[in-house]
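**Q**
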Amino acid sequence: MLDGVRSTMRSYDFIDPVEVEGLEVYAGGGAPGGFSDPCGTIAIWTRIQVRRR
Numbered sequence: 009m010l011d012g013v014r015s016t017m018r019s020y021d022f023i024d025p026v027e028v029e030g031l032e033v034y035a036g037g038g039a040p041g042g043f044s045d046p047c048g049t050i051a052i053w054t055r056i057q058v059r060r061r
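If you count the sequence shown from 1, you need to add 8 to reach my numbering.
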């Protein structure tokens, strides 16, 4: 997950580490709300705002 939006592993290749504001790691289905995944979730929060459609 990147800034609250589900994304593919490929999209993480383009993140500048300087822009990372925070990380959250959840094992199994422990992520909050609609972000939960049976395999776990890694949430990456950046300083850049992503527009949602």
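Cβ atoms here follow ideal geometry from the backbone N, Cα and C, with glycine treated the same way.
Give the DSSP-derived three-state secondary structure of Gly42 in the structure shown.
**A** In the sequence shown, counting from the first residue as 1, residue 42 sits at position 34. In the structure shown, Gly42 sits in a helix (DSSP, three-state: H, G or I).
**Q** Given that a residue counts as buried once 16 or more other Cβ atoms are within 10 Å of its Cβ, and exposed if not, what is Thr49?
**A** Sequence index remark: in the sequence shown, residue 49 carries index 41 (1-based). Burial call: buried.
**Q** Taking Val33 as the reference, give the member of Phe43, Pro25 and Arg55 with the closest Cα.
**A** If you number the sequence shown from 1, residue 33 lands on position 25. Of the listed residues, the one whose Cα sits closest to Val33 is Phe43.
**Q** Bridge partners of Glu27, per DSSP?
**A** For the purposes of this step, residue 27 is taken as residue 19 along the sequence shown, with counting starting at 1. In the DSSP output, where bridge partners are listed per residue, Glu27 has none listed.
**Q** Determine the direct distance from the alpha carbon of Asp24 to that of Asp11, and round the result to whole angstroms.
**A** Stepping through the sequence shown from its first residue, residue 11 is reached at position 3. Stepping through the sequence shown from its first residue, residue 24 is reached at position 16. Distance between the alpha carbons of Asp11 and Asp24: 14 Å.
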